[in-house]
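J.: Right, I'll just put the structure down here and ask away after.
Chains as they are written, first to last, in the UniProt record's numbering: chain A, 1 to 443; chain B, 1 to 443.
Pasting the structure below:
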């Protein structure tokens, strides 16, 4: 990849340094000011709705001209409903508790020294995202509330939409006394800027890429700064022998059909052998009727061969690869398992540590599943579709982490902070072996 | 760097896979078994004391033959006191609360869905360390207690010592029913193995390098897996205008002199201008008498010129670089500042976000300092030497993080775990728009 020109480097570093220079002001800003900024931004977005839609229209036109996919254009679109959604996020975040300065715990050592853990912002956060312009508002609102500075790097297809939204956020900041330079938008679409940003160790504290797996791999490969990653969601539901089948039909249907294109939809369904004959035909009927293609193992195929299914039903033999695949579509891989242990082993092997669940009324099986399955979100008797900052009650989310350090699952306000230690003494020292006290007469 | 031979790659991957294969057993192991393993290891170390010292003697001899520095040889040494120290660590860790499975919080959503955060192990942890063989026991004991698998990669100078300690730990594991393969020791001293381990994304969950800044930079540059880093400790104490000077003499002396070679010793001393004339001459006398070389700014030089100092006192003019330097020696950079703001700005510019403190009886200044200074450990009226897992009451420590994600400061048991979400429903779904219920009659 070609080196970045000097002017571009300067432009970029200038933005990051501006963001960084606000950190000391940010740490001392009150929750009141931050909330006022969020609520003012909500007002301004409401008032400047037409302008936003106009900017968005230009992005959509360009996207169409460039032949971008329908899915991208759909994600790009800002209609009144989505604008209302952004307004709601700003108000919700204003209503949530401010984690900054919170002392999670404090204890006293035998010598009277007090040790506490106080939550502080992460610092400068880089977010790299694609198409959806509402991410601009979601990410910025979470950073405003947690006194973090943010570098916004949206997709070039959403340039006009992101630009006006950032302008509005900065306007709200100016009006309410929040440092507007804490919100930086990288306008230049040159991809090399991203790689340059990812090298800024000490200037940017963490990078959060949101997008497809290839974007995230590339970010992770090139970063010299910490990255919080979300690779993919290969989610599985296991219908236990002891499942309440009425609940299971609804939960599996919801987890697959309600919105198949998202990471918390399931890709795999495991069914206990003892209830497969009863459960599978009906479940397959419902799924097939909703247009879901089934890719099933031999045992399931045997059962479904003689089952009543809708005319257009598609049932294929599953390959090994199918179980690893994030379909993001109306496709579901199905497997019959002998027991709970096999289900857990399957998830360990094929899953992506995102969201996995058990449907069972058996206490011990549920307890074992919840404790043993090593995923960011582990469910009992609920749809995996709940893995979402808003659904969990975190307000918005900065992303969903499939990493295993710092945060797992939806990244909310608290996860944008980290405890530092504060230590309160009264002259505490470890051991001076009597000196310098005994030298006091000499001077 | 030359590619690793196929056999070496296989050897390495074999070890990591063995460690990884224990994770499912580890997650279900009881605290009781883990404590028994730790206490049994303590017993075995006590019983096999002579063997350990003999193995260590061979390392020391080789180190001397290779002409390694006195400092390295001192760190390498295992005498009875240090062996007692390892035994104490094992017992202390056994006595600490097990964080695994702990539900930090649980809340109920408006629809009755219950969301909780349950602490789980990180998985497979790679620790890369130098010379000190007690790290083997400290790191392994923390991992045993937190149900993590550990890959130990010690320095080749400590090979025999590390080997026998690992053997003892594994023996304790075997005897008590803890999976011994969860403790893996990489014996082969080839440096390329480290780089290979750092590429094992998905197999190793986090790497923790302990050692000099160059080792840590190299690890961080080469890693494809998350790394928790400790760069350096450029720590500062600020003696405020409102300091109790009697406390200040002791604290500054302790923070510089008690053990200058460690990361939580101070390298910089800031003194408020209004008390400099009274405080500095006496402080300088004490420090100089203990052999500390002072590198001071113009104002301090002016004051010290006419001060009574011990005969062998060394007072030099400070350069800009001195304030950035981690001396790890009896050297202290000194600067007079006009006010609290200047002190905070100094720490922001020159410090390494490790441990910094204020000495002051002024409530508002202390509050402001504690809230504003962005370091892993921020002190009021105590020596920075307390930044240590044991001193903080965390038992042992896996290292001290100067990173800003996952953990800041001493990394104890809790920091070797991470909360996952557990979600308890009773058939909860997001919205199925009435189906498949209405299709139930069809099948």
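Glycine included, each C-beta is placed from N, C-alpha and C at the ideal position.
Remember, it's a predicted structure, so these values are computed and weren't measured experimentally.
One question on the structure: do residue 238/A and residue 203/A come within less than 8 Å of each other, judged by their Cβ atoms?
T.: The count along the first chain starts at 1 and reaches residue 238/A at position 238. The count along the first chain starts at 1 and reaches residue 203/A at position 203. No.
J.: Where does residue 92/A sit, in a helix, a strand or coil, going by DSSP?
T.: Here residue 92/A refers to the residue found at position 92 when the first chain is read from its first residue. Helix, per DSSP.
J.: Relative to chain B, which residues along the segment 246 to 261 of chain A have a C-beta separation below 7 Å, given in chain order?
T.: Taking 7 Å as the Cβ-Cβ cut-off against chain B, the residues of the segment 246 to 261 of chain A that qualify are 247, 249, 250, 251, 253, 254 and 258.
J.: What would DSSP say about residue 236/A, mapped onto helix, strand or coil?
T.: The residue labelled residue 236/A in the question sits at position 236 within the first chain. The answer is strand: DSSP assigns residue 236/A an E or B state.
J.: Hey, quick one: how far does the beta strand (DSSP E) through residue 379/B stretch, first residue to last?
T.: Residue mapping note: residue 379/B aligns to position 379 of the second chain, counting from 1. Its beta strand (DSSP E) spans residues 377 to 382.
J.: Return no unless some Cβ of chain A is closer than 8 Å to the Cβ of residue 430/B.
T.: Your numbering for residue 430/B matches position 430 in the second chain. Interface residue, yes.
J.: When DSSP labels each residue in this structure, what does residue 295/B get in the three-state scheme?
T.: Translated into the one-based positions of the second chain, residue 295/B becomes position 295. Strand, per DSSP.
J.: Output the distance between the C-alpha atoms of residue 272/B and residue 345/B, rounded to the nearest integer angstrom.
T.: Position 272 of the second chain, counted from the start, is the residue given in the question as residue 272/B. Position 345 of the second chain, counted from the start, is the residue given in the question as residue 345/B. Between residue 272/B and residue 345/B, the C-alpha separation is close to 14 Å.
J.: For the segment 182 to 217 of chain B, list the alpha helix (DSSP H) runs that are entirely contained and at least 4 residues long, ordered along the chain.
T.: If we require 4 residues or more, the alpha helix (DSSP H) runs fully inside the segment 182 to 217 of chain B come out as 192 to 197.
J.: Beta-carbon separation of residue 8/A and residue 190/A under 8 Å?
T.: Translated into the one-based positions of the first chain, residue 8/A becomes position 8. Translated into the one-based positions of the first chain, residue 190/A becomes position 190. In contact: residue 8/A and residue 190/A (Cβ atoms closer than 8 Å).
J.: If you pair each beta-carbon of the segment 93 to 109 of chain A with each one of the segment 165 to 181 of chain A, do three or more pairs fall below 8 Å?
T.: No, they do not touch.
J.: Use the C-beta contact count for residue 141/B: other C-beta atoms within 10 angstroms, 16 or more gives buried, fewer gives exposed.
T.: Against the second chain, residue 141/B aligns to sequence position 141. Looking at its Cβ environment, which holds 16 or more other Cβ atoms inside 10 Å, residue 141/B is buried.
J.: Interface residues of chain A around residue 178/B at Cβ under 9 Å?
T.: For this step, residue 178/B is matched to residue 178 along the second chain. Correct list: empty, because the minimum Cβ distance to chain A is about 17 Å.
J.: In chain B, what lies closer than 8 Å to residue 419/A by C-beta?
T.: Taking the first residue of the first chain as 1, we reach residue 419/A at position 419. Result: 408.
J.: Between which two residues does the beta strand (DSSP E) containing residue 341/B stretch?
T.: As a working mapping, residue 341/B is identified with position 341 in the second chain. Looking at the DSSP string, residue 341/B is not in any beta strand (DSSP E); the run it does join, the alpha helix (DSSP H), is 340 to 350.
J.: Can you confirm whether residue 379/A, when its beta carbon is compared against all beta carbons of chain B, has any partner nearer than 8 Å?
T.: As a position in the first chain, residue 379/A is number 379, starting the count at 1. Cβ-Cβ to chain B under 8 Å: yes for residue 379/A.
J.: Determine the chain B residues that contact residue 109/A at a beta-carbon separation under 7 Å, and present them in chain order.
T.: Against the first chain, residue 109/A aligns to sequence position 109. Chain B residues near residue 109/A: 393.
J.: Kindly give me the distance between the Cβ atoms of residue 147/A and residue 225/A, rounded to whole angstroms, as I take these residues to be in contact under 8 Å.
T.: As a working note, residue 147/A is residue 147 in the first chain. As a working note, residue 225/A is residue 225 in the first chain. That belief does not hold up - the Cβ atoms of residue 147/A and residue 225/A are roughly 19 Å apart, past 8 Å.
J.: Rounded to a whole number of angstroms, what is the C-alpha to C-alpha distance between residue 50/B and residue 187/B?
T.: Numbered from 1 along the second chain, position 50 holds the residue referred to as residue 50/B. Numbered from 1 along the second chain, position 187 holds the residue referred to as residue 187/B. Rounded to the nearest angstrom, the two C-alpha atoms are 22 Å apart.
J.: What first and last residue would you give for the alpha helix (DSSP H) that runs through residue 141/B?
T.: On the second chain, position 141 is the one that residue 141/B refers to. Unbroken alpha helix (DSSP H) run through residue 141/B: 134 to 145.
J.: Determine the direct distance from the alpha carbon of residue 352/A to that of residue 157/A, and round the result to whole angstroms.
T.: In the first chain, the residue the question calls residue 157/A occupies position 157. In the first chain, the residue the question calls residue 352/A occupies position 352. The alpha-carbon atoms of residue 157/A and residue 352/A are separated by roughly 29 Å.
J.: Determine the chain C residues that contact residue 346/A at a beta-carbon separation under 7 Å, and present them in chain order.
T.: Looking at the structure shown, chain C is missing, and the protein chains on hand are A and B.
J.: Closer than 8 Å, CB to CB, is residue 425/B near chain A or not?
T.: Here residue 425/B is taken as the residue at index 425 of the second chain, counted from 1. Chain A, which has a Cβ nearer than 8 Å to the Cβ of residue 425/B, makes this yes.
J.: How many angstroms separate the CA atom of residue 243/B from the CA atom of residue 381/B?
T.: Within the second chain, the letter at position 243 stands for residue 243/B. Within the second chain, the letter at position 381 stands for residue 381/B. Rounded to the nearest angstrom, the two C-alpha atoms are 9 Å apart.
J.: Anything in chain A within Cβ reach of residue 385/B, meaning under 8 Å, just list it in chain order.
T.: On the second chain, residue 385/B is found 385 positions in, with the first residue counted as 1. In chain order: 429 and 430.
J.: Quick one: grab the DSSP three-state call for residue 394/B.
T.: Within the second chain, numbered from 1, the residue matching residue 394/B stands at position 394. Looking at residue 394/B - three-state DSSP - the assignment turns out to be coil, as it is neither helix nor strand.
J.: Apply the 10 Å Cβ neighbour rule to residue 431/A and answer buried if 16 or more other Cβ atoms are within range, or exposed otherwise.
T.: Within the first chain, residue 431/A is the residue found at index 431, counting from 1. Answer is exposed; the Cβ neighbour count stays below 16.
J.: Spatial neighbours of residue 289/A within its chain, please: CB distance less than 7 Å, with the 5 preceding and 5 following residues excluded, ordered by chain position.
T.: Taking the first residue of the first chain as 1, we reach residue 289/A at position 289. Within the same chain, residue 289/A has close Cβ partners 310.
J.: Looking only at C-alpha atoms, which of 25/B, 15/B and 5/B sits nearest to residue 374/A?
T.: Here residue 374/A corresponds to residue number 374 of the first chain, with the count starting at 1. When each option's Cα is compared against that of residue 374/A, the closest is 25/B.
J.: Output the residue ranges of the alpha helix (DSSP H) runs that lie fully inside the segment 251 to 327 of chain A and measure 4 residues or longer, sorted by chain position.
T.: Segments of the alpha helix (DSSP H) lying fully in the segment 251 to 327 of chain A: 273 to 289 and 298 to 305.
J.: Return the Cβ separation of residue 359/B and residue 247/B in integer angstroms, given the expectation that the two are a contact with Cβ distance under 8 Å.
T.: Your numbering for residue 359/B matches position 359 in the second chain. Your numbering for residue 247/B matches position 247 in the second chain. About 6 Å separates the two Cβ atoms, so the contact holds.
J.: Indicate the three-state DSSP secondary structure (helix, strand or coil) for residue 19/A in the structure shown.
T.: As a first step, residue 19/A must be located in the first chain, where it is residue number 19. Residue 19/A: helix per DSSP, three-state reduction.
J.: Just to confirm my understanding: we take residue 357/A, look at its own chain, exclude 5 residues before and 5 after, and list those with CB closer than 6 Å. What are they?
T.: Translated into the one-based positions of the first chain, residue 357/A becomes position 357. If we look at residue 357/A and ignore the five residues flanking it on each side, its Cβ neighbours are 237, 379 and 384.
J.: Taking the C-alpha atoms as reference points, what is the distance between residue 22/B and residue 354/A?
T.: Here residue 22/B is taken as the residue at index 22 of the second chain, counted from 1. Here residue 354/A is taken as the residue at index 354 of the first chain, counted from 1. Roughly 21 Å separates the two Cα atoms.
J.: At a cut of 8 Å, does the segment 76 to 87 of chain B reach the segment 53 to 66 of chain B through at least three beta carbon pairs?
T.: Yes, since at least three Cβ pairs between the segment 76 to 87 of chain B and the segment 53 to 66 of chain B fall closer than 8 Å, the two stretches touch.
J.: What residues are listed by DSSP as bridge partners for residue 105/A?
T.: Position 105 of the first chain, counted from the start, is the residue given in the question as residue 105/A. According to DSSP, residue 105/A bridges with 117/A.
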